[in-house]
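Colleague: Numbering follows the UniProt record's numbering, in which position 313 of the sequence shown is assigned residue number 313; successive positions increment by one, without gaps.
Could you have a look at this structure, given as C-alpha cells, before my questions?
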Amino acid sequence: MMEQYKGADFGELSPHVFAIADVAYREMINEGKNNSILVSGESGAGKTETTKMLMRYLAHLGGRSGVEGRTVEQQVLESNPVLEAFGNAKTVRNNNSSRFGKFVEIQFDKTGRISGAAIRTYLLERSRVCQINTPERNYHCFYFLCAAPPEDTQRYKLADARSFHYLNQSSCIEVEGINDAEEYLATRRAMDIVGINEEEQEAIFRVVAAVLHIGNINFAKGKEVDSSVIQDDNSRFHLNTASELLECDCNNLEKALITREIVTPEEIITRTLDPESALASRDALAKTIYSRLFDWIVEKINVSIGQDPNSKQLIGVLDIYGFESFKINSFEQLCINYTNEKLQQHFNQHVFKMEQEEYTREEINWSYIEFVDNQDVLDLIERWIDCASG
Ligand SMILES: Nc1ncnc2c1ncn2[C@@H]1O[C@H](COP(=O)(O)OP(=O)(O)OP(=O)(O)O)[C@@H](O)[C@H]1O
Ligand SMILES: [Mg+2]
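The following block contains the structure:
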C-alpha cells in the first residue's frame, strides 16, 4: 500500500491516510512548506491507530532503508508503545483510549531524511490515577507491572492487581485482547529502543509501584480533634514500602500525609488533618507523582531522540483524546470536548467558511454545504475562562 501511494497524485487513488501523508511530504520537499496533520474523530474512532500509520508512512519515505536498531525513525515509532503504556487506559468507549494529547513534530534534513523529532504532550488526565469506575481501568502500566515476572513484582513488593485500591475500585482488571504480562516485556523493549536505560527503567517502575502502595495507605481518627494516624499494620506496610521505593524517609512521608503546612509572613504553621483530608492529600500526592513521572518520560524520550537544530522542514502530527460523553461527565470531559470543538472549528473555518466564501467570490456554481457552527458555544466557554482568570 505504501508503495502504491508513494508519489501518486492526490485524488488519483482511493482516499487513504497514506495519500494525506504523501501530499504533506511532497509539499514540504517541493515547496519548502511545513505541514501539520490533524487527526480528528470521537473517542474510539481510530485517531491513535491512524497517527501511527501516518508516522510509519513518513518513516518509510524519510527513513534509511535496511538500517536496523536505534535510528531516529525507529525511536519515533517506538515512542508510541511507551507513551501508550503510561498515558492510555481502557474506557467505556475504547480499550486503548488516549488520556492525553500529543503533538509529534518530525524534522527532516535538506535531502528529505528524518533527522530529529520532538514530542509535546498535553493535559494528562490526572484524576484517573486515584479514581476509576467499572468497566474502566487505570493506566495500562499499573496492570502491566502487576503481571510482570515474579522477580520484578517481588522487587516492588507487588501482589495481585486486585489488592490495590487504585485498581480494585473497578471490577475490570483484565481486558480482552490485552496480555498485560506480554505488554510489560514489550514496554521494556520499547524503552530500550527509545534510549531509556535499565537503571532508568527500574526507577520508573519503582515510582509506578510506589503510587499503588500509596493508594493503600489508610487513616484513622487520631486522639486530638481533626487529626489522623496511620490506620493499621497493613497501611504501615504500604507506607514503608512506598517510602523505600521512593527513597525517602518514611517518617517524613507520614508527616506529609497527615499534616498540612501553612506559610504565613510571620511563621510556618503546621496543622493536623482529619482522616478525610489526609486521604485527599494522599491522592493528591499520587496524582502529582504520576503526572510528573509521565512528563519525565516524555522529556527523556525527547532528549534521547534529539532535535535537529539545522532542520528547516517539518511535519507535525496531532493526536488528541476524542470527544466523549459519559453518564457522569466531569471537568476532564469539559477540557477534552472543548479542545475537540475548538479544532473542529478550525476545520470548519478552513474547509467550509473560507473555501465557500471563495467560491461565492469567484461566482462558481456550488451548492452551499450546511454545517452546525458552534462558535457561540466556544465564545461562551472562552469568555467564562477570561472572567475566571481575572
Ligand atoms: N485502522 C484500523 N484497523 C483496525 N482496527 C482499528 C483501526 N483503527 C482503530 N482500530 C480499533 O479501534 C480501537 C480504537 O482506536 P484508537 O485507539 O486509535 O481510537 P482513538 O480515536 O485514538 O480514541 P481515543 O480518543 O479514545 O484515544 C483500536 O484499539 C483498534 O482496536
Ligand atoms: Mg487515541
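Virtual Cβ for every residue (Gly too), placed ideally from N, Cα, C.
Note that the structure is a prediction, hence the values are computed from the model and not measured.
If the criterion is Cβ atoms closer than 8 Å, does the pair Tyr166 and Gly215 meet it?
Modeller: Translated into positions along the sequence shown, residue 166 becomes position 166. Translated into positions along the sequence shown, residue 215 becomes position 215. Cβ distance < 8 Å, so Tyr166 and Gly215 count as in contact.
Colleague: At what residues does the beta strand (DSSP E) containing Gly119 begin and finish?
Modeller: By one-based count along the sequence shown, residue 119 stands at place 119. The amino acid at residue 119 is misidentified as Gly; the sequence shows Ile. It spans 114 to 122 - the beta strand (DSSP E) in which Ile119 sits, taken as one unbroken run.
Colleague: When DSSP builds the beta bridges, which residues end up paired with Tyr166?
Modeller: Position 166 of the sequence shown holds residue 166. DSSP, once it has assigned bridges, lists no residue as partnering Tyr166.
Colleague: Contact check, Phe219 vs Ile230 under 8 Å by CB: the rounded distance?
Modeller: The residue labelled residue 219 in the question sits at position 219 within the sequence shown. The residue labelled residue 230 in the question sits at position 230 within the sequence shown. Going by Cβ atoms, the distance from Phe219 to Ile230 rounds to 7 Å, so yes, they are a contact pair.
Colleague: For Trp366 and Phe347, I'd like the C-alpha separation in whole angstroms.
Modeller: On the sequence shown, position 366 is the one that residue 366 refers to. On the sequence shown, position 347 is the one that residue 347 refers to. So the alpha carbons of these two residues sit roughly 19 Å apart.
Colleague: Whole angstroms are fine: how far does the CA of Ala278 sit from the CA of Ala19?
Modeller: Taking the first residue of the sequence shown as position 1, residue 19 is located at position 19. Taking the first residue of the sequence shown as position 1, residue 278 is located at position 278. Their backbone Cα atoms lie some 55 Å apart in a straight line.
Colleague: What is the residue span of the beta strand (DSSP E) that Val229 lies within?
Modeller: The residue you call residue 229 lines up with position 229 of the sequence shown. Element bounds for Val229: 228 to 230.
Colleague: Can you tell me where the alpha helix (DSSP H) with Ser277 in it begins and where it stops?
Modeller: Counting from one through the sequence shown, the residue named residue 277 turns up at place 277. Here the alpha helix (DSSP H) through Ser277 covers 275 to 305.
Colleague: Just curious, the alpha helix (DSSP H) that Thr71 is in, first and last residue?
Modeller: Translated into the one-based positions of the sequence shown, residue 71 becomes position 71. Per DSSP, Thr71 belongs to no alpha helix (DSSP H) and is neither H nor E.
Colleague: Is the stretch 304 to 319 touching the stretch 231 to 244, taking contact as three or more C-beta pairs under 8 Å?
Modeller: Counting Cβ pairs under 8 Å, fewer than three are found: no touch.
Colleague: Going by CA-CA distance only, name the one from Val104, Ala242, Glu136 that's closest to Ala209.
Modeller: Locating residue 209 in the sequence shown gives position 209, counting from the first residue. Closest option to Ala209, Cα to Cα, is Ala242.
Colleague: State the DSSP-derived secondary structure class of Tyr139, mapped to helix, strand or coil.
Modeller: Translated into the one-based positions of the sequence shown, residue 139 becomes position 139. DSSP places Tyr139 in strand when its eight states are reduced to three.
Colleague: Using DSSP with H/G/I as helix, E/B as strand and the rest coil, what is Gln154?
Modeller: On the sequence shown, residue 154 is found 154 positions in, with the first residue counted as 1. Correct three-state label for Gln154: helix.
Colleague: Just the Cα atoms here: how many angstroms apart are His213 and Phe164?
Modeller: In the sequence shown, the residue the question calls residue 213 occupies position 213. In the sequence shown, the residue the question calls residue 164 occupies position 164. Spanning the two alpha carbons is a distance of roughly 7 Å.
Colleague: Name the two residues that bound the continuous beta strand (DSSP E) containing Asp22.
Modeller: Locating residue 22 in the sequence shown gives position 22, counting from the first residue. Careful: Asp22 lies outside any beta strand (DSSP E), inside the alpha helix (DSSP H) at 17 to 31.
Colleague: Inspect the beta-carbon positions of Ala161 and Cys172 and report whether they are closer than 8 Å.
Modeller: To locate residue 161, count along the sequence shown from 1; it is residue 161. To locate residue 172, count along the sequence shown from 1; it is residue 172. Contact flag unset, no.
Colleague: Would the C-beta of Ser97 count as close to ligand 2, meaning under 7 Å from any of its heavy atoms?
Modeller: Working through the sequence shown from its first residue, we reach residue 97 at position 97. Yes, the beta carbon of Ser97 sits closer than 7 Å to at least one heavy atom of ligand 2.
Colleague: Below 7 Å, is the gap between the Cβ of Asn329 and the nearest heavy atom of ligand 1?
Modeller: Position 329 of the sequence shown, counting from 1, holds the residue named residue 329. Answer for Asn329: no, Cβ out of range of ligand 1.
Colleague: With H, G and I counted as helix, E and B as strand and the rest as coil, what does DSSP make of Phe352?
Modeller: Translated into positions along the sequence shown, residue 352 becomes position 352. Reduced to three states, the DSSP call for Phe352 is helix.
Colleague: Give the straight-line distance between the Cα atoms of Thr360 and Gln375, rounded to the nearest whole angstrom.
Modeller: Within the sequence shown, the letter at position 360 stands for residue 360. Within the sequence shown, the letter at position 375 stands for residue 375. Cα to Cα, the separation comes out at about 22 Å.
Colleague: Determine the DSSP secondary structure at Gly215, reduced to helix, strand or coil.
Modeller: Position 215 of the sequence shown, counted from the first residue, corresponds to residue 215. Looking at Gly215 - three-state DSSP - the assignment turns out to be helix.
Colleague: Ligand 1 and Glu125: does the residue's C-beta get closer than 7 Å to at least one heavy atom of that ligand?
Modeller: Walking along the sequence shown from the start, residue 125 turns up at place 125. It does not: the Cβ of Glu125 is nowhere closer than 7 Å to a heavy atom of ligand 1.
Colleague: May I ask you to list the residues that DSSP assigns as paired with Asn337?
Modeller: The residue labelled residue 337 in the question sits at position 337 within the sequence shown. None, per the DSSP bridge assignment.
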